């Protein structure tokens, strides 16, 4: 499970929340990915500090994690 922080001015929660079938947004999903989905829920924590106090660890996304990654799944 992952908690993401979204800008307070973000106004497209309807696009973000809910179930997202991988086969609908991956360009060439593998056989294994065809039936997978991600689910995004609203989180009631209103600050990063409250999230950390509840035991969650903050991990900042690093650009180099995506080196060699291809959006076309090739």
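Residue numbers (full-length UniProt numbering): 1 to 74. Just so it is clear, CB atoms sit at the ideal spot from N, CA and C, and this is done for glycine as well. A quick note: this is a predicted structure, and the numbers were derived from the prediction, not measured.
In its own chain, which residues sit with a C-beta less than 8 Å from the C-beta of residue i, not counting the 5 before and 5 after it?
i, result
"residue 52", "58"
"residue 45", "3, 51, 54"
Since residue i and residue j should fall inside the 8 Å C-beta cutoff, what is the C-beta to C-beta distance between them, to a whole number of angstroms?
i, j, result
"residue 36", "residue 56", "Not a contact, Cβ separation roughly 24 Å."
"residue 40", "residue 17", "5 Å"
Who are the Cβ neighbours of residue i in its own chain at under 7 Å, not counting the five residues just before and after it?
i, result
"residue 34", "23"
Of the choices the options, whose alpha-carbon is the least far from that of residue i?
i, options, result
"residue 7", "64, 48, 66, 38", "48"
"residue 20", "38, 68, 66", "38"
"residue 13", "72, 43, 63, 67", "43"
"residue 72", "29, 11, 60, 63", "29"
In the DSSP output, what is residue i paired with across the bridge?
i, result
"residue 18", "40"
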